[in-house]
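Chemist: Chains as they are written, first to last, in this note's numbering: chain F, 1 to 649; chain R, 650 to 847; chain H, 848 to 940.
Backbone N, C-alpha and C fix where the C-beta goes; we use that ideal spot for every residue, glycine too.
1) In three-state DSSP terms, what is residue 476/F?
2) Rank 167/F, 393/F, 4/F, 411/F by C-alpha distance to the C-alpha of residue 469/F and give the top, closest one.
3) Which ranges does the alpha helix (DSSP H) cover as unbroken runs of at least 4 residues, wholly within the region 48-124 of chain F, from first to last along the chain?
4) Report yes if the CB atom of residue 434/F is closer than 7 angstroms to the CB atom of residue 588/F, and no otherwise.
5) So residue 246/F packs on residue 187/F, CB below 8 angstroms; how close in whole Å?
6) Are there 16 or more other CB atoms within 10 angstroms of the CB of residue 877/H, so buried, or fewer, so exposed?
7) Expressed to the nearest angstrom, what Euclidean distance is found between the alpha-carbon atoms of residue 85/F and residue 431/F?
8) Quick one: Cα of residue 672/R to Cα of residue 274/F, how far?
9) Cα separation between residue 885/H and residue 836/R?
10) Looking at the unbroken alpha helix (DSSP H) that takes in residue 731/R, where does it start and where does it end?
11) Comparing the C-beta of residue 900/H with each C-beta of chain R, is any distance below 7 angstroms?
12) Which chain H residues sit within Cβ distance under 7 angstroms of residue 273/F?
13) Three-state secondary structure (DSSP) at residue 602/R?
14) Assuming residue 631/F is part of the alpha helix (DSSP H), what are its boundary residues?
15) Restricting to runs no shorter than 4 residues, where is the alpha helix (DSSP H) found entirely within the region 663-695 of chain R?
16) Tell me whether residue 577/F sits in a helix, a strand or coil according to DSSP, three-state version.
17) Could you run through the region 258-272 of chain F and flag, in chain order, every residue whose CB is less than 8 angstroms away from some CB of chain R?
18) Roughly how far, in whole angstroms, is the beta-carbon of residue 538/F from the beta-carbon of residue 195/F, given that I think they are within contact range, below 8 angstroms?
19) For the candidate residues 292/F, 81/F, 215/F, whose alpha-carbon lies nearest to that of residue 424/F?
20) For a contact meaning CB atoms closer than 7 angstroms, what does residue 831/R contact in chain H?
21) Counting only beta-carbon separations shorter than 7 angstroms, does residue 648/F have a partner in chain H?
22) Since residue 409/F sits in a beta bridge, which residues does DSSP pair it with?
23) Less than 7 angstroms between CB atoms is the rule here; does residue 786/R satisfy it with respect to chain H?
24) Report yes or no: is there a C-beta of chain H within less than 7 angstroms of the C-beta of residue 209/F?
25) Which of the three DSSP states is assigned to residue 166/F in this structure?
26) Looking only at its own chain, which residues have a Cβ that is under 6 angstroms from the Cβ of residue 712/R, when we skip the five neighbours before and after it?
27) Give me the residue from 127/F, 403/F, 493/F, 100/F with the minimum Cα distance to residue 229/F.
28) Any contact between the region 491-498 of chain F and the region 539-548 of chain F? By contact I mean 3 or more CB pairs, one from each, below 8 angstroms.
29) So is residue 939/H in contact with chain F if we call contact Cβ pairs under 7 angstroms?
30) By DSSP, does residue 380/F sit in helix, in strand, or in coil?
31) Taking all protein chains shown into account, decide if residue 649/F is buried (16 or more other Cβ within 10 angstroms of its Cβ) or exposed.
32) Taking all protein chains shown into account, decide if residue 141/F is buried (16 or more other Cβ within 10 angstroms of its Cβ) or exposed.
33) Compare the C-beta of residue 344/F with all C-beta atoms of chain R and state if any pair is closer than 7 angstroms.
34) Taking beta-carbon pairs under 7 angstroms, can you tell me which members of the region 905-924 of chain H lie near chain F?
35) Step through the CB atoms of chain H and report whether any lies within less than 7 angstroms of the CB of residue 728/R.
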């Protein structure tokens, strides 16, 4: 039995045991369900082995929504615990675990996955490509992310959750202060998911640079594609830093090295340094695609072309370089000298400039536009004021000397939530409503959508504005409770009410998906929003090969000009289309990655070696395999096109 | 598959061109990876704790042998690609084999060097300095070792399938990888070893 | 026969051996730290450039622009990471 002791949760409570039972029963129900409905073959052929960017995008989307649920429940638990002074709903240890998993899940497994979902689905369509440059690697990316996320989530019931914050600062995250395997889970699951993200980065840069439709020069690319290109560029150069930092952290915990230890010449601040060398670019990895989505939605529903396209491009390119030059502002109080703090203070203020340029561009796009308030547009317009408040409080935090007052208080928590929620979450929901008809061939209900917007927008303001006040009054973040005499009670209660409204908003979105799936009309055109870019020039839902004929682009808003100025997008006749084959290897390989991660968490070396051999065998298989894909014949294309409502000419 | 005969074999199909650009971007990521390792080495270099410091353990002989082996292997794989562009299958294969043998020699000397360090009381767990040193050298060494396996698979495919757009593409990409490892070694040679021994 | 002789590679090889010997001088010849570091910096970056252009054929395809951008961007990030970290944690601490 000694062997199994290691898998026990160190701080078991009734909730955790209940979750174990619930997880066990759910897994069983899924397995039985799939077997009963004989869906194993379907699942394997159509989803687990797929290399189609659209299906991978949808799988990212489903995972992101699941993770949103997990992270959201964590958030609600935290707000419930702090709603009243001296609450005992969670104890200190549970609170530590909950804020840690909330941060990691929301940033790395929810927001990143959501970004990947929309990028996967939309980018190849917007540039008129048939798929990404390396479809097989794309599947590998998804499964690495998925297995990383699953590995992280099982920590809750096997071995214990990480509890040293989503930043996992050493020496707190070292073996001495975090003896449970929780932090091992943190290191290894993010490592695995991060590998997938890096591969996506390479994949999409090549796709965007090399596979654009004829005529689409770089300066004729839609804004979302531009933002995807720059995002992936940042990914490629930022994620290796995280890889190294995580590897060092893992070695410190598993092999007793001295990177981040306090004795024997280690340097504990090195972790914070590397974490934020990656962490700050990561913020822009999340926010740039969101900016891209707004730049698609706002012109569409203001019925005007995007104001200042060139300045938009210049500002995101500027952001890509500047984002690597500001990381020290995350630890102004760590003890470095005034010169260092001044340099990073100034660079931080400088990065606000290109962001400001973008805000003005959106405002000027709206100026004199014929605005149509769809759900997607509501989220985009709601984003501007809330994000601006989050942004300018960020400039306040950028002043190093003032930061000594704000550091590690709820003021900071308010700031970054008011940046990330309107900046990323609003954009992802807006993008979901906007591209949903393209993904599934029906629209989400607008009435429910607008209701969800109001619940979420009001909820965000209620939940986070009070934190500015309690933070300035001195409430520290990550404290599981406070006494009544501090006077924080009222602000935290308002926050809790706001958080509950947010929860209602998200439930409305989920209900909307259910309701629309059942009742929405399937009889919609391929261009329900009267939109401007190429993805709307093909059918909804999109056929396997995306475009029967590769479009030819003459202008920036290719599809709009095809509709209004009579540009011809599709010339010539159908030709045979070459498509990549499905493959089960990425999925199998990532199962080995999961096993490897799990074995390393518990220091089970034999299992780890077997899993590593499995991974290398999959790579060897890929090296020797000869796979030239398959061709879709002209008759088949004609048949599909007729079924979907006639060829688009 | 459309094959463009006006270009060298490794560039002759669209997928090949995608692969080569993709690999360059991967090398960009590798630059960031090794830069982080170098940064941590420079930061932890003086963190020797109670263990020996860099000047006390580095030896010039093994360093010169390693550098010579890797520089020469970079040259021979360059010759291999040159032969491949002239369509000489046997010469290509032979140059690739020589390259891998030199790489094997490099790894052998590195392992010998590591055992020397351990004998002198410098292990992975000794100090911040030793952890950073072993990790930087080890990551480079692991890349070379991975290259040995990868290269063997490519040689096997060159022998069984001959020079096709696919095998030529793989060989060319492998040569990029190998040259890149040489570039990393030059920085290790200059800023880890020589700087430590001045 | 001239076409068969890999003149570029042979020259590159000799050049890189030469650079290595110059770099080794910092060990065998007595000189100040500043001079030694200058020599190392110059020889290392020239050597990297030789590998990049002569052996890796960075400039031969139509994607030259993308390849050089990637490499320059990578070098930029590398320098920022290394010197930024040194500045923050040692020089300016």
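Modeler: Reading off the structure:
1) Strand, per DSSP.
2) 411/F
3) 53-82, 92-104
4) no
5) Yes, residue 246/F and residue 187/F are in contact; Cβ-Cβ is about 5 angstroms, under 8 angstroms.
6) By the Cβ-count criterion, residue 877/H is exposed, with fewer than 16 other Cβ atoms from all chains shown falling within 10 Å of its own Cβ.
7) 39 angstroms
8) Roughly 25 angstroms separates the two Cα atoms.
9) Cα atoms of residue 885/H and residue 836/R: separation of roughly 14 angstroms, rounded to the nearest angstrom.
10) Residue 731/R -> alpha helix (DSSP H) spans 709-734.
11) It does not; no Cβ of chain R falls within 7 angstroms.
12) Those within 7 angstroms of residue 273/F in chain H are 932, 935, 936.
13) Residue numbering for chain R in the displayed model covers 650 to 847; residue 602/R lies beyond these limits and cannot be assessed.
14) Counting along the chain, residue 631/F sits inside no alpha helix (DSSP H); it lies in the beta strand (DSSP E) bounded by residues 630-632.
15) 663-693
16) strand
17) Shown in chain order are the members of the region 258-272 of chain F whose Cβ falls below 8 angstroms from a Cβ of chain R: 258, 259, 261, 263, 264, 265, 266, 267, 270.
18) Rounded, the Cβ-Cβ distance is 32 angstroms, inconsistent with contact.
19) 292/F
20) 898
21) Its pLDDT being 48, under 50, residue 648/F is placed unreliably in this model, and the value from its coordinates should be taken loosely. Residue 648/F does not count as touching chain H.
22) 476/F
23) no
24) yes
25) coil
26) Counting only Cβ-Cβ distances below 6 angstroms, and skipping sequence neighbours, we find 842.
27) 127/F
28) no
29) The beta carbon of residue 939/H falls within 7 angstroms of a beta carbon belonging to chain F, placing the residue at that interface.
30) helix
31) At residue 649/F, the pLDDT of 43 sits below 50, so the modelled position is not reliable and the matter cannot be decided from this model.
32) buried
33) For residue 344/F, no CB of chain R lies under 7 angstroms from its own CB, so it is not counted at the interface with that chain.
34) 913, 920, 921, 924
35) yes
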